[in-house]
Amino acid sequence: MSNRLIDLQHITKSFDGQMVLDDLNLYIRENEFLTLLGPSGCGKTTTLRIIGGFEQPDSGKVIFDGKDITTLAPNKRQLNTVFQKYALFTHMNIADNIAFGLRIRKKSEDYIREKVKYALRLVNLEGFENRMPDSLSGGQQQRIAIARAIVNEPKVLLLDEPLGALDLKLRKDMQYELIRLKNELGITFVYVTHDQEEALTMSDTIVVMNQGYIQQIGTPEDIYNEPTNAFVADFIGDSNIVDATMVKDKLVEIFGTRFACVDTGFGSNKPVDVVIRPEDLELYALPDGVTADSPEYEKVADKARELNPGFLEGTVTDLIFKGVHYEMDVEANGYTWLVHSTKLFPVGSRVLMNLDPFNIQIMNKPESEDEQAVSSADL
Amino acid sequence: MKKTISRIYVIFVFILLYAPIAVLIAFSFNNSRTRAKWGGFTFKWYLQMFQDAEIMGALRNTLILALLSATIATILGLMASLSLNRMKRRNRTVMLSVLNIPMLNADIVTGISLMLIFIAFGQFLTHYGYTIVFGFGTVLVGHITFNIPYTVMSILPRVSAINPSTYEAALDLGASPSQAFRKVVFPDILPGILSGFLLAFTLSLDDFVITHFVKGPGFDTLSTKIYTEVRKGIKPEMYALSTLLFLGVLLLLIVVEKGKGARNKNRKPAY
Ligand SMILES: Nc1ncnc2c1ncn2[C@@H]1O[C@H](COP(=O)(O)OP(=O)(O)O)[C@@H](O)[C@H]1O
Ligand SMILES: [Mg+2]
Numbered sequence: 001m002s003n004r005l006i007d008l009q010h011i012t013k014s015f016d017g018q019m020v021l022d023d024l025n026l027y028i029r030e031n032e033f034l035t036l037l038g039p040s041g042c043g044k045t046t047t048l049r050i051i052g053g054f055e056q057p058d059s060g061k062v063i064f065d066g067k068d069i070t071t072l073a074p075n076k077r078q079l080n081t082v083f084q085k086y087a088l089f090t091h092m093n094i095a096d097n098i099a100f101g102l103r104i105r106k107k108s109e110d111y112i113r114e115k116v117k118y119a120l121r122l123v124n125l126e127g128f129e130n131r132m133p134d135s136l137s138g139g140q141q142q143r144i145a146i147a148r149a150i151v152n153e154p155k156v157l158l159l160d161e162p163l164g165a166l167d168l169k170l171r172k173d174m175q176y177e178l179i180r181l182k183n184e185l186g187i188t189f190v191y192v193t194h195d196q197e198e199a200l201t202m203s204d205t206i207v208v209m210n211q212g213y214i215q216q217i218g219t220p221e222d223i224y225n226e227p228t229n230a231f232v233a234d235f236i237g238d239s240n241i242v243d244a245t246m247v248k249d250k251l252v253e254i255f256g257t258r259f260a261c262v263d264t265g266f267g268s269n270k271p272v273d274v275v276i277r278p279e280d281l282e283l284y285a286l287p288d289g290v291t292a293d294s295p296e297y298e299k300v301a302d303k304a305r306e307l308n309p310g311f312l313e314g315t316v317t318d319l320i321f322k323g324v325h326y327e328m329d330v331e332a333n334g335y336t337w338l339v340h341s342t343k344l345f346p347v348g349s350r351v352l353m354n355l356d357p358f359n360i361q362i363m364n365k366p367e368s369e370d371e372q373a374v375s376s377a378d379l
Numbered sequence: 001m002k003k004t005i006s007r008i009y010v011i012f013v014f015i016l017l018y019a020p021i022a023v024l025i026a027f028s029f030n031n032s033r034t035r036a037k038w039g040g041f042t043f044k045w046y047l048q049m050f051q052d053a054e055i056m057g058a059l060r061n062t063l064i065l066a067l068l069s070a071t072i073a074t075i076l077g078l079m080a081s082l083s084l085n086r087m088k089r090r091n092r093t094v095m096l097s098v099l100n101i102p103m104l105n106a107d108i109v110t111g112i113s114l115m116l117i118f119i120a121f122g123q124f125l126t127h128y129g130y131t132i133v134f135g136f137g138t139v140l141v142g143h144i145t146f147n148i149p150y151t152v153m154s155i156l157p158r159v160s161a162i163n164p165s166t167y168e169a170a171l172d173l174g175a176s177p178s179q180a181f182r183k184v185v186f187p188d189i190l191p192g193i194l195s196g197f198l199l200a201f202t203l204s205l206d207d208f209v210i211t212h213f214v215k216g217p218g219f220d221t222l223s224t225k226i227y228t229e230v231r232k233g234i235k236p237e238m239y240a241l242s243t244l245l246f247l248g249v250l251l252l253l254i255v256v257e258k259g260k261g262a263r264n265k266n267r268k269p270a271y
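Just so you know, the sequences run in chain order A and B. The working numbering applies: residue 1 is where the first sequence begins, and numbers increase by one. The working numbering applies: residue 1 is where the second sequence begins, and numbers increase by one.
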């Protein structure tokens, strides 16, 4: 997992004068499961098609295994694609579909028969040789599309939202199948999805994209725990993103209340964005009718202060049971906080709210206009 | 009660539709020159017909015309479909409407227009020492012209139903662009090509009006031959010929419909 197998250098691409990819730089290591993640229309498919050779970049280079393949025809590249809508050959049976690439390369029929059998076994569809694509379910067709690609022993498999058309249960099963396949084959996967959960489950590396720009590259843990900007934080799971001021190192002011945090190096009195995950917020119930100066209030506040010197006060305005936890809206300081908790706080109850310094994620506010446009467009 | 009435109505319509043909077929086996009486059953008109050199010449002309015009119209229709499919939706809609009008146009108008353009173009060519002779060539051009919209109508739906990523999938699996077209795209369009060809063949076989206007003297297809002979006087061989023409067209239509049915069945799940 070290050397760069694919290197995209300064790729730009526009359609009809509209910039779709702007100076994209990205490398993919051998044996890596890399996922391009982003909202619809952000340029994921275009990136994948440039790697596959179906689209030419306006400028920039595609390096594969040390060689420049920018202008190489797709049929000459050592990679195979699993297309978004399977793209099986409907007039051929399953065996002929899978054998297509091998026949083009003039392999012997004996070899082909063995390979087809092997590929079908790999995707758990043994004995499907003589079926027609139309007679298979969506999930089965998808497996055939994968089998058709991998019999050619590509170095890289490109997958464009391969599970997008499947229902939730099947999608989960297929996610594990794909991981198993990747491990069994020991090849590189470049995977495109707009589903952040899928990306987090499957990938070694996630590339978060928005409007033709790479927002962040990192492991699933990095991306989830330390999003570099508000767009990534919002896209990867539910989160509260609020304006705040970095007073000094390790101290941030949110809605007029000062909280301890662990981040340093942002300068002093600097406006920042703060990301707080809903599961990181702790709630403390205030008894009915207590006022801020009463001793009962102080008792609850003291408990809250154990976590962090600062805390906020609010009212629960909405409540949904989500199976494992409750999802609540808490109105505090004019902002509606999303809170996940295993404890129930009924609608209308007053609460104090606090969190561990460790769970306050500080981010620079976007500076350039480009970045501004990027993050405001989808928030 | 209602059912009986509707059944009678249907039978009545079918009698209206098929009685003339039934009469024609009956007369083709009538062993008597007059239409007034039934002189017994005979095959002799058929035998005479097959021995008539002019009729056989017309039959040959008709088949060659049908084959050639259907082939050329199918090729042109395929190319038109491929490029129509690439057009923006709005332009395509406009083009398709333009393509539809000749189909709805009265044959006689098409026939006269073609005749006029051949005459006009012929006069233009005389300045350069060429002439247009009305005959096989003009009829062929005429048949190709009226056949093209029909071949496009058969082929275009197939072309637009193609998932563009199957072509790319073939490239992805190592096929060259021409291999990808031959092995993946073409088989998907083939049923449309075949039914377009058969339809064009049938229409060409069947045509009288347009052929009549562009054929010139001395050249005949079956339909124009029948027309001139019947005008001259009663010739029962012509009933026999008409019967055969009817059966030929019927057979072709059955083949076209069968083909459609079989394909639809193929598209259903196999279990
Ligand atoms: N062939 C094309 N012609 C014109 N615009 C295109 C073409 N392909 C993609 N686009 C545009 O490029 C943008 C990015 O598309 P795409 O890469 O498919 O995004 P994603 O896969 O992330 O949803 C979209 O705005 C899309 O409309
Ligand atoms: Mg896409």
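Positions of the beta carbon are idealized from the N, C-alpha and C atoms, including for glycine.
Residue 235/B has its alpha-carbon roughly 13 Å from the corresponding atom of residue 47/B.
With a cutoff of 8 Å, residue 207/A does not count as near ligand 1, since its C-beta is closer than that to no heavy atom of the ligand. In chain order, 83, 84, 85, 87 make up the part of chain A whose C-beta sits under 8 Å from the C-beta of residue 165/B. Residues are counted here when their Cβ sits less than 8 Å from a Cβ of chain B; for the segment 98-118 of chain A these are 100, 101, 104, 105, given in chain order. Every alpha helix (DSSP H) of 4 residues or more that sits fully in the segment 132-169 of chain A is shown, in chain order, as 138-150. Cβ proximity to chain A below 7 Å picks out 187, 188 from the segment 185-198 of chain B.
Linking residue 283/A to residue 247/A through their CA atoms gives a straight-line distance of about 25 Å. Taking the C-beta atoms as reference points, residue 141/B is found nearer than 9 Å to residue 214/B. When secondary structure is reduced to three states using DSSP, residue 215/B falls in the coil class, being assigned neither helix nor strand. Put simply, the backbone Cα of residue 67/B is about 25 Å away from that of residue 83/B. Ranked by how close their Cα comes to the Cα of residue 77/B, the residues 96/B, 59/B, 65/B, 88/B have 96/B in first place. Within the segment 66-79 of chain A, contact with chain B at the beta-carbon level (separation under 9 Å) is assigned to 73, 74, 75, 76, 77, 79.
DSSP lists 351/A as the bridge partner or partners of residue 314/A.
Taking 9 Å as the Cβ-Cβ cut-off, the segment 249-265 of chain A has no residue approaching chain B. Within the same chain, 197 come within 8 Å of residue 71/B by CB-CB distance, once the 5 residues on both sides are set aside. Look at residue 149/A: its C-beta is under 9 Å from a C-beta on chain B. Taking a Cβ-Cβ threshold of 7 Å, the residues of chain B close to residue 54/A are 168, in chain order.
Chain-order list of chain A residues neighbouring residue 176/B: 75, by C-beta distance under 7 Å. Around ligand 1, the residues selected by a Cβ distance under 6 Å to any of its heavy atoms are 15/A, 16/A, 20/A, 38/A, 40/A, 41/A, 42/A, 43/A, 44/A, 45/A, 46/A, following chain order. DSSP, read as helix, strand or coil, puts residue 77/A in coil. The nearest non-hydrogen atom of ligand 2 is less than 8 Å from the C-beta of residue 192/A. Across the structure, residue 157/B and residue 192/B are spaced so that their CA atoms are roughly 8 Å apart. Looking at the DSSP output, residue 224/B sits in no beta bridge, so it has no partner there. Within chain A, not a single residue places a beta-carbon under 8 Å from that of residue 78/B; the smallest gap is close to 17 Å. Here the C-alpha atom of residue 350/A lies approximately 20 Å from the C-alpha atom of residue 356/A. Neighbours of residue 10/A across chain B, judged by C-beta separation under 7 Å, do not exist; the nearest C-beta is about 25 Å away. Cβ atoms of residue 227/B and residue 24/B stay farther apart than 8 Å, at about 14 Å.
The Cβ of residue 172/B sits closer than 9 Å to at least one Cβ of chain A. DSSP, read as helix, strand or coil, puts residue 56/A in coil. Not a single C-beta of chain A is nearer than 9 Å to the C-beta of residue 88/B. Contact of residue 3/B with chain A is not assigned, every C-beta pair being separated by 9 Å or more.
Look at residue 131/B here: in three-state DSSP terms it is coil, with no helix or strand label. Only those residues of the segment 26-55 of chain B whose C-beta falls short of 9 Å from the nearest C-beta of chain A would be listed, and there are none.
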